[in-house]
Amino acid sequence: MHIDLGRVAHTVTKALDYVGIDDQSHGRRVGLMTHRVAHELGWDREMRHFALIAGMIHDCGVSSTAAHQKLVDEIEWKGAGEHCLRGGDFLDGFPPFAQYAGAVRFHHTRWNELPDWLDESTGRVANLIFLTDRLDVVRSAYLSTHHAYEVLRHRDQIVAKLAPLSGSLFAPDLFDALNQAILRDSFWLETEDEFLDSAIFETLSFWDHSMILGFDDLLALGEMISQIVDAKSPFTHDHSLRVADLTYAVTNMLGFSPRRRQMLRLAALLHDIGKLRTPDEILEKPGALTETERDIMLRHPMDSKMVLAALFPGTPIGRWASNHHEKLNGTGYPFGWSGDQIDEETRVLTICDIFQALCQKRPYRGRLRADEVVAIMRKMVEAGEIDPTIFRIVAANQDELYKTATREGR
144 MHIDLGRVAH TVTKALDYVG IDDQSHGRRV GLMTHRVAHE LGWDREMRHF
194 ALIAGMIHDC GVSSTAAHQK LVDEIEWKGA GEHCLRGGDF LDGFPPFAQY
244 AGAVRFHHTR WNELPDWLDE STGRVANLIF LTDRLDVVRS AYLSTHHAYE
294 VLRHRDQIVA KLAPLSGSLF APDLFDALNQ AILRDSFWLE TEDEFLDSAI
344 FETLSFWDHS MILGFDDLLA LGEMISQIVD AKSPFTHDHS LRVADLTYAV
394 TNMLGFSPRR RQMLRLAALL HDIGKLRTPD EILEKPGALT ETERDIMLRH
444 PMDSKMVLAA LFPGTPIGRW ASNHHEKLNG TGYPFGWSGD QIDEETRVLT
494 ICDIFQALCQ KRPYRGRLRA DEVVAIMRKM VEAGEIDPTI FRIVAANQDE
544 LYKTATREGR
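Be aware that the sequence shown starts at 144, since it is given in my numbering, and climbs by one per residue.
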């Protein structure tokens, strides 16, 4: 598949920005600001674009709303390094993004504490991301009590909040370059949502980020994103990967072609990416959801569809993923499709998602046994909700599939 790495980074970042709930542009703002300061530093175009992409995906280790809140509440906080290490590990799993792993791992490390063995350019990019990341936190705090148009008048006051940290948290020359970059009105105006994406895409257009990815690399991308999604809650740990394993096994039993099986496996890996927007307290609630909480939960398939349509245009991956809560009798969501409106791939994904979720420990119940899972799903067949033919195959192989659904590790 032909992809543009810059646009993939932008799309992944936009999905990650869902975690912010109320502020859904942090990663993109940091990426763009990092690029603009890099320009003031005289870095060449390749290095500037490296900084842009690394800046956009710097928070790929953050998927919980609780962790995100800590990052926006304080300049430094104990435990910030955990998401940096996790993010670096995620990026290592997708070869085209592995080059950014070092900068991500150290983007909350003080300038005067960066390890001596770290490559100098990696350290400088990491520290520049740290600087622009914290600038965005200060900017957001300012905007909580001021109008956006006031930023231009008070830009010096905003940046002055970070001045005492130059030489300790931040390299002095990077801070000096930031002070030059902020003199341009565009530096601030481009960070507004109205202009942000167009500024990023215009910048990306100056460098060719296109490449051809084989299916192994596409699956690696899917697994990287699935790790980010599944890390959101201990109750969703490895859920996406196990659903993908189940779909791959069941489609083999159904006699799907290798390509069709791989495409559906990729959709299964990514089917819950929209849940990044769902607050932790809803995913981890031990009791029944309120009407409001359910309304929030109901939007995640549409969020998944939007992200996956951008990642994999011209493929059915987004459709399969966004339809996995549809029911054959029309009682599902978000579209309320029924009967032949739901294709076979979606029917498989739906059944595998239900099977794995019932096998997995959840905040409101423990892990169910294989026979209990099948008994619940049989009632769903009787109600006309899920495909009876696919269910019979799952039921006939319940012990084997249960082992797949409950396997630990990657």
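C-beta atoms are modelled at their ideal positions from N, C-alpha and C, and glycine is treated no differently.
- The residue from GLN541, LYS470 and GLY473 with its alpha-carbon nearest to that of PHE498 is GLN541.
- Residue pairing of ARG505 in beta bridges, as defined by DSSP: ARG508.
- With contacts defined by Cβ atoms closer than 8 Å, ARG512 and GLN503 do not form a contacting pair.
- The C-beta separation of LEU454 from THR156 comes to about 12 Å, leaving the pair out of contact by the 8 Å criterion.
- Taking C-beta atoms as the reference points, SER206 and LYS470 fail to come closer than 8 Å.
- Taken in chain order, the complete alpha helix (DSSP H) segments of 4 or more residues contained in the region 166 to 234 are 169 to 183, 188 to 199 and 208 to 216.
- Fewer than three pairs of CB atoms, one per stretch, sit closer than 8 Å, so the region 304 to 314 makes no contact with the region 220 to 235.
- Between the C-alpha atoms of ALA246 and ALA269 there is a straight-line separation of about 4 Å.
- Residue pairing for PHE237: DSSP places it in no beta bridge.
- For MET354, the enclosing beta strand (DSSP E) begins and ends at 353 to 355.
- Judged by DSSP secondary structure, ILE146 falls within the beta strand (DSSP E) whose first and last residues are 145 to 147.
- In the DSSP assignment, PHE313 is bridged to SER309.
- Comparing C-alpha distances from ASP514 to each of PHE478, ARG267 and ALA539 shows the shortest one belongs to ALA539.
- Taking 8 Å as the upper bound for CB-CB distance, ARG402 and LEU362 are not in contact here, some 12 Å apart.
- With fewer than 16 neighbouring CB atoms inside 10 Å of its own CB, LEU326 falls in the exposed class.
- Following the DSSP letters along the chain, one finds PHE478 in no alpha helix (DSSP H), marked with neither H nor E.
- Note on GLU333: 16 or more other CB atoms within 10 angstroms of its CB, so buried under the neighbour-count rule.
- Rounded to the nearest whole angstrom, the CA to CA distance from VAL151 to VAL393 is 30 Å.
- CA-CA distance, GLY236 to PRO456, rounds to 23 Å.
- The region 405 to 420 makes contact with the region 484 to 494: 3 or more CB pairs, one atom from each, lie closer than 8 Å.
- For GLN405, the enclosing alpha helix (DSSP H) stretches over residues 401 to 413.
- In the three-state scheme derived from DSSP, where H, G and I count as helix and E and B as strand, GLU366 is classed as helix.
- One Cα belongs to GLY174, the other to SER341, and the distance between them is close to 13 Å.
- Contact check for LEU159 against GLY149 fails: the beta carbons are separated by 8 Å or more.
- Below 8 Å, too few C-beta pairs join the region 175 to 183 and the region 432 to 443 to call them touching: fewer than three.
- Comparing C-alpha distances from GLY224 to each of GLY461, VAL537 and ARG253 shows the shortest one belongs to ARG253.
- Less than 8 Å separates the beta-carbon of GLY417 from that of VAL450.
- The region 304 to 324 makes no contact with the region 289 to 296; the number of CB pairs closer than 8 Å stays below 3.
- Rounded to whole angstroms, the Cβ separation of SER383 and ASP415 is 6 Å, and the two are in contact under 8 Å.
- Cβ-Cβ separation between LEU257 and GLY266: approximately 5 Å, consistent with a contact (criterion under 8 Å).
- Per DSSP, the unbroken alpha helix (DSSP H) holding GLN300 starts and ends at 298 to 303.
- GLU345 and ILE355 have their C-alpha atoms spaced approximately 22 Å apart.
- Assignment of SER348 by DSSP, reduced to helix, strand and coil, places it in the coil class.
- CA-to-CA, the gap between ASP319 and GLY204 works out to about 29 Å.
- If you draw a straight line from the Cα of TYR476 to the Cα of ASN466, it is about 8 Å long.
- Look at the region 417 to 465 and you find these whole runs of alpha helix (DSSP H), each 4 residues long or longer: 423 to 426, 434 to 440, 443 to 454 and 460 to 465.
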